[in-house]
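Residue numbers (my numbering), protein chains in the order written: chain A, 1098 to 1533; chain B, 5 to 298.
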Amino acid sequence: MKKIAIGAMATCLVGGLLTACGGNDTTDNAASGASGSAPASGSEVETIRVLSSDDFAGFRESAIAEFNAKYPNIKVELEHVAYDQLHDKELASFNASGNAAYDVVDVDEIWTSEYANAGFILPVTDRYTDEMKKGILPASLQIASLDNEIYGVPMFNDVVFFYYNQEMLQKAGYDHPPATWDEFTEMSKALQEKKVTAGAASAWGFSANEGLVAYFAEFLGSHGGSFFNEAGEPTFNDEKGVQALQYMKDSLDNGTIDKASINYNDRQVLDAFKNGKTAFVAGWSFYWGELNAADSKVKDKIRVGLVPAVDGAPHTAATGSMYLAITPQSKHEEAAWKFIEFLGSKEMQKKQSLEAGALPIWKDLYSDADLQANYGALTDMAKQLESVISRPSLDGYNEFSKALQIDIQAALTGKESAKAALDDAAAQAKELIANG
Amino acid sequence: MIRKLKPAAFLLPSFIVILGVILFPLAYALFISFINLTKNVHKLDNPKLWDYVGFENFGKVLGDDAFWQALGRTFYFTFTSVGLEFIIGMAFALILNEKFKGRGFVRGFMLIPWAFPTIVNAVLWKWLYDADHGTITMLLDWIGLTDGPVNLLGSSFSAMNAIIVADVWKNTAFVSLILLAAMQSLPKEAYEAGMIDGASAVRRFFSITLPLLSPAILVALVMRTMEAFKVFDIIYIMTGGGPAGGTQVLSFLTYQSSMMFGKFSYGSALAFVMSFFIVIFAFIYIKIFYKRAD
């Protein structure tokens, strides 16, 4: 008797494993990232699984509580991972079903082409109301669009902003942020010489991650360069691109910026700035919330300036907005849409700006009195949004990006000249585009 | 009849487990490497869409410069780290095999690095090497080996060697442990006879200890070589394959192809090519050491 029981147990175990891979519904899942507002009894409760980046996860968790108050029959399970792991986890999940699949995923603008063309995310154009189509910033809609279809609801409007520590600059005798890269170099030296900063005045995220490409985009644009021309040919290896990369390398070599930058990503550089060790940092909009949080040593001392530029070039910042999209694996499309529509609503967007420092997607929120009163950087940030550069949205974007990261690092570490490195990346980009 | 079937019935559950978690995934991966599966995953649902490409993916792997470069780096990593681990591990084992005060404590202490999860080890060494605050960076500067703090993870060559040091620090204990265990069971008579014949300590080591240890050395080397050849996590954490791709080893390339770029078939083919090398290693080791043991 005992034997049979054990055998049966083993079979169940294996059977369980197999069905878990085979794809059944997930309504029985107990763990929840949401705070538990009890679902109304008697009616069907739908569970949607959401995969999000860490960056605004705190706000999203509190938003889920509000969502539940409005829609008690929809349970939201929020899972969040570090941005650098997000794409790979999503790519694996699109292949899976059951508990490994998600109803809603967080999509970076640079993945739109890849995801939409492979059918990983569903178009939601028909679900958009006229109010949304008219009220949301065209630039925000643009990031979630491909070939006349919209693939999700943008969650914030983001670029790599140039933050500076006003108090430190004043100590070094400056009453304004650097307007040009030459001035940036000069101020960085002065800050160090006057011992306002113990080491280099800024650290950048130049490790082999996506953030490196965003930073390169920033230098590229502010040196007057661009990634591709109208005909879709690479232009980032022209004279301006080479100048931009050369400036990055020289700054590393002459101590203008921290030489450990080559090991940091675009999240790690925030820590040094938040603890008052560095005077400048270039980073995403969520930095603002972190920098003004209760545990920040630089609370209320931070301002947002325009990204420095060489003479005559625009003060461009690299865009990096994200949106939530619904996957075709979802069996609860309606519920999933309600959730992302709710997070994208004017009300929640305003709250997100106030609490987490994200820039809203709705045009008229930029003139909202509450936001302007509570959000010191809003005007400065809106000014920066007028001048931006985007990373190219290619089908094989990740391969392009990895190749570019390797080549940029080859130049930064002195293995290759800036020109040779960018030529190499451009050749690979051409090949990638040619092979579809 | 029932008597004959009974053992089979007992084996069935474990066979199902093995089938489910080893054989099926393996066969599945092999299958994927022979079709052309890219991001359009829905292909798998429909057998009509499986376009069978034969060995094309394997051909692509072998024709790819990135593969040969990664193979070179993997060989460098494997032989340097396993070599160092073996030499240092043998020295440790010899010392710990002698009687001295506090031996038990030292033996236990030696195992601590090995007890660390690789991830913890990687994060720890990443901080030790940090260009601004790293202990090792400061130490090298202080004793004058470097001119000012140097970023050890900042260039391809030094980053690879820095990772090897971290790996050796962790895995030497494993080699020592296996060798030490084997040394303790060596026959005392052989050493006594050697001493009577006037063999020196060095001679006794090479003529008695080493040959008798062959089976243990085989185990240690095979296991460490296989593991080192598959190295991934420590590199993923410490450098992410950078700087400038200088620490991209085969596992990293495989991960990148399948999980980042969505080229699942190419990634599978790459993984099988890698397994092929590992099998070759195991085969060579067994050939060398079993011959000596005979």
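Cβ coordinates follow ideal geometry from the N, Cα and C atoms, glycine included. All figures in this text were calculated on a predicted structure; none of them were measured in a lab.
From the beta-carbon of Gln-1506 of chain A, the residues of chain B found nearer than 9 Å are Ser-160, Gly-246, Pro-247, Ala-248, Gly-249 and Gly-250. Under the DSSP assignment, Tyr-1199 of chain A falls outside any alpha helix (DSSP H); it carries neither an H nor an E label.
Along the stretch 131-152 of chain B, going in chain order, the ones with a CB nearer than 7 Å to a CB of chain A are Asp-134, Ala-135 and Asp-136. For Glu-1496 of chain A, the uninterrupted alpha helix (DSSP H) run begins and ends at 1494-1509, by DSSP.
A straight line joining the alpha-carbon of Asn-1326 of chain A with that of Phe-1497 of chain A spans about 16 Å.
At a cut-off of 8 Å between C-beta atoms, Gln-188 of chain B does not count as an interface residue with respect to chain A. For Gly-1441 of chain A, the enclosing alpha helix (DSSP H) starts and ends at 1430-1441. Listed in chain order, the non-local C-beta contacts of Gly-1473 of chain A below 7 Å within the same chain number zero, local neighbours out to five positions each way being set aside.
For the options B:Val-223, B:Pro-191 and B:Asn-155, the alpha carbon positioned closest to that of Phe-178 of chain B is the one of B:Val-223. Contacts between Asn-155 of chain B and chain A, judged by CB atoms closer than 8 Å, involve Lys-1356, Ala-1357, Ile-1359 and Asn-1360 in chain order.
Residue pairing by DSSP puts Lys-1172 of chain A in a beta bridge opposite A:Thr-1144.
When the beta-carbon positions are compared, Ala-1300 of chain A and Asp-1355 of chain A come within less than 8 Å of each other. The count of Cβ pairs closer than 8 Å, one atom from the stretch 57-76 of chain B and one from the stretch 200-212 of chain B, stays below three, leaving the stretches out of contact. About 4 Å separates the beta carbon of Ser-1427 of chain A from that of Asp-1200 of chain A, a gap short enough to meet the 8 Å contact definition. Rounded to whole angstroms, the Cβ separation of Tyr-289 of chain B and Val-226 of chain B is 5 Å, and the two are in contact under 8 Å. Chain order gives no chain A residues near Phe-35 of chain B, where near means a beta carbon separation below 7 Å; the closest approach is about 14 Å. For a cut-off of 8 Å, the C-beta gap from Ser-1514 of chain A to Ala-1522 of chain A is around 13 Å, too long to register as a contact.
Arg-1400 of chain A is bridged by DSSP to A:Tyr-1261.
The C-beta of His-1320 of chain A has 16 or more other C-beta atoms within 10 Å across all chains shown, which makes the residue buried.
Taking the Cα of Phe-83 of chain B as reference, the smallest distance to any Cα among B:Met-164, B:Pro-17 and B:Trp-131 is reached at B:Met-164. Within its own chain, the residues whose Cβ lies closer than 7 Å to the Cβ of Ile-1207 of chain A, once the five positions on either side in sequence are excluded, are Arg-1488, Ser-1490 and Tyr-1494, listed in chain order. Sequence-distant partners of Ala-33 of chain B (beyond 5 residues in either direction) whose C-beta falls short of 8 Å from its own C-beta, in its chain, are Ser-272, Ala-275 and Phe-276. The three-state reading of DSSP puts Phe-1325 of chain A in strand, counting E and B together. Met-1419 of chain A is bridged by DSSP to A:Asp-1205. Your pair Leu-184 of chain B and Asn-101 of chain B checks out as a contact, with CB atoms roughly 6 Å apart and the cut at 8 Å. Inclusion of Ser-269 of chain B and Leu-30 of chain B in the CB contact set at 8 Å is not warranted, their separation being larger than that value.
With respect to chain A, the C-beta atom of Phe-265 of chain B has a partner C-beta closer than 8 Å.
The three-state secondary structure of Ile-147 of chain B, taken from DSSP, is coil. For Gln-260 of chain B, the closest Cβ of chain A is nearer than 8 Å. Below 8 Å, enough C-beta pairs join the stretch 1400-1412 of chain A and the stretch 1474-1488 of chain A to call them touching: three or more. Distance from the Cα of Val-1173 of chain A is smallest, within the candidate group A:Ser-1285, A:Gly-1352, A:Asp-1227 and A:Ala-1432, for A:Ala-1432. Your pair Asn-61 of chain B and Ile-1359 of chain A does not check out as a contact, with CB atoms roughly 34 Å apart and the cut at 8 Å. When C-alpha distances from Arg-1146 of chain A are compared across A:Asp-1152, A:Ile-1247, A:Asp-1203 and A:Gly-1322, the shortest belongs to A:Asp-1203.
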